[in-house]
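Participant:
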Amino acid sequence: MKVLSLLAHPRSTSFCHAISARACAALRAAGHEVVHHDLYEDGFEPRLMADEAYSIGDSVEQALARSTDPLLRQYRKTVAEAEGLLIVHPNWWGKPPAILSGWLDRVLVPGVAYRLERAEGRPEGLLVARRALIFNTSDTPEERERDEFGDPLELIWGRCVLPFCGVERYRRIVFRPVVDSAPAQRAQWLESVETAVEAAFAGKPGEAWD
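Just so we're aligned: 126 in the UniProt record's numbering is position 126 of the sequence shown, and the numbers increase by one with no gaps anywhere.
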């Protein structure tokens with residue numbers, strides 16, 4: 001399986017980087033092809049530019065041709081070809097980092113990620129990828145995240161983005177609290193990353209995938 005790996009954290013020593021590295025290693029060990037994009041390391045520009053504005057009726061060829069930014073063209077082509085998605089990012093103010101939000105704006109466009117026949121219609125998902133695994137780091141307790149804030153990241157990924165792009169099976173795992181976690185706890189979390197990757201992309205059934 002060809003898996004697109006996205007990492008969005010500016011600090012190379014972050015736990016997000018450790019998660020991403022462990023997950024990518026597990027994928028490669030299982031024989032998957034991994035295409036890895038570290039958005040900060042790549043210097044991705046998150047702002048959607050006027051000259052690359054899209055039409056809801058775009059084809060993938062038109063979407064690729066709308067930008068002269070070679071990195072954006074590469075990103076759009078990669079996500080269109082990926083058979084699975086692996087995304088790692090922190091929870092910042094109940095949302096992904098701005099660089100990843102910009103990736104959504106500029107990469108998951110009509111003709112690449114979805115097709116919309118009418119403005120009031122439901123999008124038709126175009127991504128080949130049918131599975132996605134997302135890892136988040138957070139310092140907010142689970143109960144508070146759910147009861148006070150409504151778990152906005154779950155709403156973003158699970159209800160507002162992935163279903164409309166064609167992803168049918170999705171799992172999101174949150175490690176928390178990270179800020180004062182002990183080395184032993186982090187080691188345990190990283191071991192669970194391998195298990196989650198195997199379940200998500202090796203086709204083994206798990207409770208979250210039933």
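All residues carry an ideal CB built from backbone N, CA and C; glycine is no exception.
Here's the rule: buried if 16 or more other CB atoms are within 10 angstroms of the residue's CB, otherwise exposed. What is P177?
Facilitator: Flag for P177 reads exposed.
Participant: Alpha carbon to alpha carbon, how far is I134 from A18? Give it in angstroms, no decimals.
Facilitator: Computed Cα separation, rounded: 14 Å.
Participant: How is W93 classed by DSSP in three states: helix, strand or coil?
Facilitator: Three-state result, W93: coil.
Participant: How is I156 classed by DSSP in three states: helix, strand or coil?
Facilitator: Note: I156 maps to helix in three-state DSSP.
Participant: Give every residue of the same chain whose Cβ lies closer than 8 Å to the Cβ of W103, excluding the five residues on either side of it in the sequence, and list them in chain order.
Facilitator: For W103, where only same-chain residues beyond five positions count, the Cβ hits under 8 Å are L6, A8, L39, F44, P46, Y75.
Participant: Which residues in the same chain as G111 place their Cβ atom closer than 6 Å to its Cβ, once the five residues preceding and following it in sequence are excluded?
Facilitator: The answer, listed in chain order, is D58, S59, V60, Q62, A63.
Participant: Is it the case that the Cβ atoms of V167 and R131 are separated by a distance below 8 Å?
Facilitator: Yes. Within cutoff.
Participant: With DSSP as the reference, label D210 as helix, strand or coil.
Facilitator: Only weak support is given to the placement of D210: the predicted model assigns it a pLDDT of 44, under 50, and the question is left unresolved by the model.
Participant: Is P163 helix, strand or coil when you go by DSSP?
Facilitator: Correct three-state label for P163: helix.
Participant: How many Å lie between E207 and A200 at the Cα?
Facilitator: Low per-residue confidence applies at E207: pLDDT is 35, beneath 50, and the placement is therefore not dependable enough to give any value.
Participant: Who are the near neighbours of I56 in its chain, counting only those whose CB is closer than 6 Å to its CB and skipping five residues on each side?
Facilitator: Correct list, in chain order: P110, L116.
Participant: Restricting to Cα atoms, I'd like to know which of E154, E81, L153 is closest to L126.
Facilitator: Nearest of E154, E81, L153 to L126, Cα basis: E81.
Participant: For the beta strand (DSSP E) that E33 lies in, which residues bound it at each end?
Facilitator: 33-38 is the span of the beta strand (DSSP E), which, as asked, contains E33.
Participant: Please state the DSSP three-state secondary structure of L85.
Facilitator: Three-state result, L85: strand.
Participant: Throw me the rounded Cβ distance for the residue 213 and R172 pair, which I believe falls under 8 Å.
Facilitator: Residue 213 falls outside the range modelled here, since the chain spans only 1 to 210, and no answer is possible.
Participant: Less than 8 Å between the beta carbons of L27 and V197, yes or no?
Facilitator: Against a cut-off of 8 Å, the Cβ pair of V197 and L27 comes out as a contact.
Participant: Is the Cβ-Cβ distance between E83 and V3 less than 8 Å?
Facilitator: For E83 and V3, yes; Cβs fall inside 8 Å.
Participant: Alpha carbons only, please: which of A129, T137, T195, T68 is nearest the one belonging to P96?
Facilitator: Of A129, T137, T195, T68, the residue nearest in Cα terms is T137.
Participant: Kindly indicate which residue of P152, P163, L108 has the alpha-carbon position closest to the one of A53.
Facilitator: Nearest C-alpha to A53: L108.
Participant: Nearest CA to the CA of D139: which residue from V161, D180, R106, A113?
Facilitator: For D139, the nearest C-alpha among the options comes from D180.
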